[in-house]
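These protein sequence lines are chains A and B, in that order.
Take 12 as the starting number for the first sequence in my numbering and just add one per residue.
Take 12 as the starting number for the second sequence in my numbering and just add one per residue.
We put the beta carbon where it would ideally sit given N, CA and C, even for glycine.
To keep things clear, I will list the structure first and then write my remarks on it.
Number of protein chains: 2
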Amino acid sequence: MNQKQAIRDAFWSPFRETVRREGIPYQWLALNDRVPGAEPSHWMRNFRAAASGKPGAHGGCVFQDSDGAKWLEGVAYSLRSHPDPALEAIADGAIEAIVAAQQPDGYLDTYYILTGLDRRWTNLRDNHELYCAGHMIEAAVAYYESTGKRALLDAMLRYVDLIDREIGPRRGQRHGYPGHPEIELALMRLYRLTGDEKHLRLAKYFIDERGQKPLYFEQETRESGNDFPWKDSPFGYQYYQAGKPVREQTDAEGHAVRAMYLYCGMADVARATGDESLVRACEALWESTVRRRMYVTGAIGSSAYGESFTFDYDLPNDTVYGETCAAIGLVFFARRMLALKPRGEYADVMERALYNGVLSGMQLDGKRFFYVNPLEVNPVACAKDPNKRHVKPERQKWFGCACCPPNLIRLLMSLEDYVCSADGNALHVHLYIGGDFTARVGSSDVRLHVETRYPWDGDICLSVELERPASFALALRIPEWSHKWQIGLNDRPGADEIAFAMVFSLQGPGGFVGVDGKTQVRDGYAYIEREWKPGDRVRIMLDMPAQFVRANPRVAEDAGKVALTRGPLVYCLEEADNGPNLHLVRVGSAQPHVRERWQPQLLGGVTVLETAGLRESDEWTGPLYAPVRGAPETQTVQLRWIPYYAWANRGTGEMRVWVRE
Amino acid sequence: MNQKQAIRDAFWSPFRETVRREGIPYQWLALNDRVPGAEPSHWMRNFRAAASGKPGAHGGCVFQDSDGAKWLEGVAYSLRSHPDPALEAIADGAIEAIVAAQQPDGYLDTYYILTGLDRRWTNLRDNHELYCAGHMIEAAVAYYESTGKRALLDAMLRYVDLIDREIGPRRGQRHGYPGHPEIELALMRLYRLTGDEKHLRLAKYFIDERGQKPLYFEQETRESGNDFPWKDSPFGYQYYQAGKPVREQTDAEGHAVRAMYLYCGMADVARATGDESLVRACEALWESTVRRRMYVTGAIGSSAYGESFTFDYDLPNDTVYGETCAAIGLVFFARRMLALKPRGEYADVMERALYNGVLSGMQLDGKRFFYVNPLEVNPVACAKDPNKRHVKPERQKWFGCACCPPNLIRLLMSLEDYVCSADGNALHVHLYIGGDFTARVGSSDVRLHVETRYPWDGDICLSVELERPASFALALRIPEWSHKWQIGLNDRPGADEIAFAMVFSLQGPGGFVGVDGKTQVRDGYAYIEREWKPGDRVRIMLDMPAQFVRANPRVAEDAGKVALTRGPLVYCLEEADNGPNLHLVRVGSAQPHVRERWQPQLLGGVTVLETAGLRESDEWTGPLYAPVRGAPETQTVQLRWIPYYAWANRGTGEMRVWVRE
């Protein structure tokens, strides 16, 4: 039986192919400063210069090393599902360049190698050494796992040994931790590969020490004379997720990406150690993030200042930051919460971010990217309102700080790892994506073969491949947005199958017991417990109506507005379809009829939604303000909604997710 | 006949008394760094240090000299209407301190005197020398006009002579102009006093040279190596109002206060020279400001970044800048446009800014001030959203950059100068304020005695005092907000008076001819043309209903919202009266019944407005976003509206001007 994981999916495969054919080669050019008109990356130049042994100028941001590391990690995943000797040779060359820069003692960060090794470890807060190390560790593990090649892995093991000598609880060691979390989750990946307790211990140390008094960063600031850029900010050291010990943190605060990466490391350590206090901290931070500080697209980070969270229910649509990397980080976090406990809410949020706030970061041709993902755009404001200058009405080629594009690569190319997971004697299916997915459930290797047109419809066929019959629960996720659904087993005629073919309707978290006494809905999953025979087929039909949603009334920005969704997709209005001045457009009735139209030629193939709406007249004479004379004149218009992820692929114009009622 | 101008008005006199009794002494303490807990001004310290002849540290902003100058100007007006030997002695002492710092060649700016005279004139763009000179000139003229004392005037005449030698069109002169306009309008005031053409010529030079290519500021930057702080801004040199020659400027752009002060100088020069091209530029900039870029409160400056204008109809209520000085500048500009041509629109805007966006800058006790005047406030957002950190939920004691408080003093203490003006053979009444106001109309000195409870009602009684009967037109302003009004003459019985006692209703700009064939409504004024006899009495009754207003539909921020006004006053909802989460409050019907209640004990005596409104429920369970199930639950509530100028006098809380329909 073919063990290989593979995505063969009408929706995702084209994106992955775009990334493989366009994104990966394009970003390799970018890393080598060979994209005309794009900001240079300096990545390869920095490593070559560092290997030369001579001090010199370091190009780009202090964390530039991480861009190539994320690219390498993405390449590793790509090779896993699509062997490509030419690409592998390029990657081997990149790794050679990295390893060549490693210092005799194992140190490997081009910024300090080029600008002065005497200053290394003196600004853990801002200079990203440990952050870059983390990304290189992830790349090393991924590259080893797909190719079996150890060069980068061995180099990183040596580097980790050095870090473990330099930083830690013992006298003479620096009692520090990174200003930008990442190495914590990377060390846990390394630990799962090596089983070396040292790797777990170091990750745990970084997490436990963070935010303890006396604050390491204050001490470091005194000793190294580093300036503290966030003196007057509302978040202070919480920008670095270091304002307090992690177990005392209950609100998602500060820099959103740093928050997500830290929470991932916390969840990994909690799972490996069974530390209940850490689990509770993860749960509190999850709830703060997704129940009070997350956009309907799964975007997070309400303010450009500090790329940060602000306060509960503060979700401005036009000045939002919503960095692509932060939504990706939320996907990472959700996946780890699922590993702690399979709950539908985690998968719902993972799916929301993936299909909306993450995917919107990339142009359909895979060559341009959003750093910021707004929910409301007026191109004039982007140009003329300094509060919105961080919001771009079109995706950019590359960025001086290019964290997002390679982050997209590594997530999309490893998407198969997010589809399902085994938990004891249950196989949970979290995402409905076509392909073959394998897992070891109990004592048997199970391969799920999935076919679906998801997210365009909710009809999913799964077949179970395994050596010999085995008893386990197949747990199919019932998304929060699906209020009617149906599960059928083995569409051959037969009594027990007919029993299954009836309609279940979700009875809320309480759960539901199926007629055969063995099918239960718990925490957002339908558990089908039985002895599975090779070739058993399951079909789940999720009712996927277009539906308007409202935000919690405490979200002032969305008061009197609704957003249109269908299945996992959030929709939006674009000027290209609906004209300018979208603030004058209203949905009209509370629940208008929605017409669904599949348009294979549009935006790579999308289901467009159409509703009858209202447009207020923009005719106005006289002064700027005038007495109310009845309601504004309106005319009925046909509104055309497209999936949010596909916006800004037809030139620049206005866009809105939240529309007046 | 007593020629003295005097305001005796139930609304304004208390504010002026507060300024006289509290504001002026308090600000004198501030200028001398004697207000505990307030940021030091350094004003007096700088002058004493400058007079000492030794170089030393300069305290506060580079334009600190202007704070005391504006205070002195305000004192001059106060002495005019309320002689006060003790205060005059203090002012004389301040002037002594100023004059003592003047250099042998006439130079007088403490920043360069203390930090190095060799650098003077090398950064006209950012270092405010000419701006400070302008304010000192205004103070000198005002102080001379009220007290007859020449000390400061003579010092400034010498300083102006130096500036006139250093800067100008001739070879060897700097072909420069101020980065912050102000001296232009000040020189025109000086010119009206001295009649010296040199003063007009210099003002005209500053205006004509501004923005000409090659740009002086670029040249200066090259020669002096000054950094250009606005490289990456959307407005560039328009921040300084120097992006193009003034006659080519058609949009209000850049720093709002600089814009207003420049426009004032332009209007003054246009009036003195009859330059039609300059008049047209003023009219275009007026229209850009008030028809596309002004808040309903008369506030201007949509963005904190650069304290600047942004683009047409961009009027965010919560991130607004709306500096008090900018609204004051708009009042200055409006008054000068009235001098060019008496049109109701100019007076309407002057009144709108004065009663709302200007007055809101001062606490009722005269001791605390707003720099920023928002139309929507959530105190949590001020603390936690960096985009709103410039917005304060309560007025501050003093500012490191304290331009606004003394600007309020000088405007409020000279308010009598804004009430009426003579234009040829007509006496125009622009503002309805109680007191005695004199003007020379044609060949006769006329004194208007005005009695009214305005702005609480629209009933105004005027009596005309003059030596002997004279024929001229008394032009009474018909505010844009009054759609029904009535004028009566000499409430003694008599045929011709009865003819006047009928009701006029404004027929739009086309104008209206009264029954006696001599009363016309033109451009917002009712012209009563007749032979006026001593003691003639006129009564105008303006219908002053509370009315909801709408913004031009292109103002996205106000779409679906209305504001409540009554007469010249804009009203608002405060948390103190209406509870928190004001975004959930709705007006309900398009034109609800408004109940007016005079409350003498509240906020110094205000008419409160009450309407029945709706409040949407904030009850919500489950995730942050949920499918729409019909309209949100609402309950009927009693809304209590207070005048905007009086907000934030009862502790901190939410406030809103624009409320959902």
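Starting from the Cα of residue i, find the closest Cα among the options and give me that residue.
i               : options                           : result
R444 of chain B : B:R458, B:E630 and B:E427         : Checking the displayed sequence, the identity of residue 444 of chain B turns out to be Ile instead of Arg. Selected option, being the one with the closest Cα: B:E427.
R303 of chain B : B:A166, B:E264, B:V30 and B:R130  : B:E264
E644 of chain B : A:A350, A:N589 and A:P564         : A:P564
R176 of chain B : B:G236, B:K209, B:S493 and B:V605 : B:K209
A345 of chain B : B:P240, B:G276, B:W39 and B:V648  : B:G276
E672 of chain A : A:A574, A:M424 and A:L213         : A:A574
H494 of chain A : A:P115, A:D554 and A:E585         : A:D554
R258 of chain A : A:L141, A:K215, A:Y227 and A:P240 : A:K215
S63 of chain A  : A:F74, A:I124, A:L83 and A:S89    : A:I124
N57 of chain B  : B:Y88, B:A105 and B:Q260          : B:A105
G11 of chain B  : B:Q646, B:G67 and B:G254          : Outside the shown range of chain B (12 to 672) lies residue 11 of chain B, about which nothing can therefore be said.
E586 of chain A : A:E193, A:L473 and A:P390         : A:P390
Does the Cβ of residue i have 16 or more other Cβ atoms within 10 Å, making it buried, or fewer, making it exposed?
i               : result
G505 of chain A : Note that G505 of chain A has pLDDT 39, beneath the 50 cutoff, so the model's placement of it is unreliable and no number is given.
K572 of chain B : buried
W132 of chain B : buried
V668 of chain B : buried
A61 of chain B  : buried
E387 of chain B : buried
E665 of chain B : buried
E318 of chain B : buried
S454 of chain B : exposed
N436 of chain B : exposed
V670 of chain B : buried
D569 of chain B : buried
R269 of chain B : buried
E432 of chain B : The sequence given here places Ser at residue 432 of chain B; Glu does not occur at that position. Per the 10 Å Cβ criterion, buried.
Can you list the residues of chain A that residue i reaches, using a CB-CB cut of under 7 Å?
i               : result
T284 of chain B : Result: empty, since nearest Cβ-Cβ is about 30 Å, beyond 7 Å.
G571 of chain B : G571 and R671
M305 of chain B : L635
In the DSSP assignment, what are the bridge partners of residue i?
i               : result
S455 of chain B : B:V452
M552 of chain A : A:D470 and A:Q497
T463 of chain B : B:I471
K572 of chain B : B:R671
Y538 of chain A : A:A486 and A:Q531
S319 of chain A : A:H266 and A:S314
G624 of chain A : A:V648
S699 of chain A : Since the first residue shown for chain A is 12 and the last is 672, residue 699 of chain A is missing from the structure and cannot be characterised.
C72 of chain A  : According to DSSP, C72 of chain A bridges with nothing at all.
For residue i, go through chain B and note every residue whose CB falls closer than 9 Å to its CB, in chain order.
i               : result
E627 of chain A : P564, A570 and G571
Q558 of chain A : P638 and V639
Could you tell me which chain A residues have their CB closer than 8 Å to the CB of residue i, listed as they occur along the chain?
i               : result
Y316 of chain B : P397 and N398
A567 of chain B : N389, N592 and H594
Mind listing the chain B neighbours of residue i? Cutoff is C-beta to C-beta under 8 Å, in chain order.
i               : result
W631 of chain A : N563, P564 and R565
P643 of chain A : R561 and P564
Problem - Three CB pairs or more closer than 8 Å across the stretch 577-593 of chain A and the stretch 461-480 of chain A - result: yes
Exercise for the section: Take every Cβ of the stretch 272-291 of chain B, pair it with every Cβ of the stretch 353-365 of chain B, and state whether three or more of those distances are shorter than 8 Å. Expected result: no
Practice task
Give a yes or no on contact between the stretch 223-236 of chain B and the stretch 293-302 of chain B, applying the rule of three or more CB pairs nearer than 8 Å.
Solution key: no
Practice task
Spell out a yes or no on whether the stretch 617-635 of chain B and the stretch 532-548 of chain A are touching, meaning 3 or more CB-CB pairs, one atom from each, closer than 8 Å.
Solution key: no
Practice task
Kindly confirm or deny that the stretch 28-39 of chain B and the stretch 590-605 of chain A touch, where touching means at least three C-beta pairs closer than 8 Å.
Solution key: no
Exercise for the section: Please determine if the stretch 93-103 of chain A and the stretch 190-206 of chain A are in contact, where contact requires at least 3 C-beta pairs separated by less than 8 Å. Expected result: no
Exercise for the section: Kindly confirm or deny that the stretch 367-374 of chain B and the stretch 397-404 of chain B touch, where touching means at least three C-beta pairs closer than 8 Å. Expected result: no
Handout entry: the stretch 215-226 of chain A contacting the stretch 179-187 of chain A, beta-carbon criterion three pairs below 8 Å
Key = yes
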